[in-house]
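Scroll down for the structure; my scribbles are underneath it.
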């Protein structure tokens, strides 16, 4: 069974792509973007597969 780890990330409107690309390079996949606490901010939910202990 696949296990996941999740993270929530505040997104700045002027740097959204850069922020998402950075997390993507760390293996995270975007799940959803929702409105943040103010109109200038969004919140991204990301996930990646948990690495098993070897």
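Residue numbers (the numbering used here): 5 to 58.
For glycine and all other residues, C-beta sits at the position ideal for the given N, C-alpha and C.
- Use the C-beta contact count for residue 19: other C-beta atoms within 10 angstroms, 16 or more gives buried, fewer gives exposed. Along the chain shown, read from residue 1 onward, the residue named residue 19 stands at position 15. Its Cβ having fewer than 16 others within 10 Å, residue 19 is exposed.
- Could you name the residues of the same chain whose beta carbon sits closer than 6 Å to that of residue 29, not counting the 5 residues immediately before and after it, in chain order? The count along the chain shown starts at 1 and reaches residue 29 at position 25. Same-chain partners within the cutoff: there are none.
- Message: residue 11 and residue 32 - do their beta-carbons sit closer together than 8 Å?
- Response: Residue 32 sits at position 28 when you count from the first residue of the chain shown. Residue 11 sits at position 7 when you count from the first residue of the chain shown. Result yes, Cβ atoms of residue 32 and residue 11 sit closer than 8 Å.
- Item | Reference residue 49, options 39, 6, 56 and 55, closest by Cα | As a first step, residue 49 is located in the chain shown; it is residue number 45 there, counting from the start. When 39, 6, 56 and 55 are compared, the shortest CA-CA separation from residue 49 is found for 39.
- Query: Since residue 7 and residue 54 are thought to touch, with beta carbons under 8 Å apart, how far apart are those beta carbons, to the nearest angstrom?
  - Reply: Position 3 of the chain shown, counting from 1, holds the residue named residue 7. Position 50 of the chain shown, counting from 1, holds the residue named residue 54. Contact holds; Cβ gap of about 4 Å.
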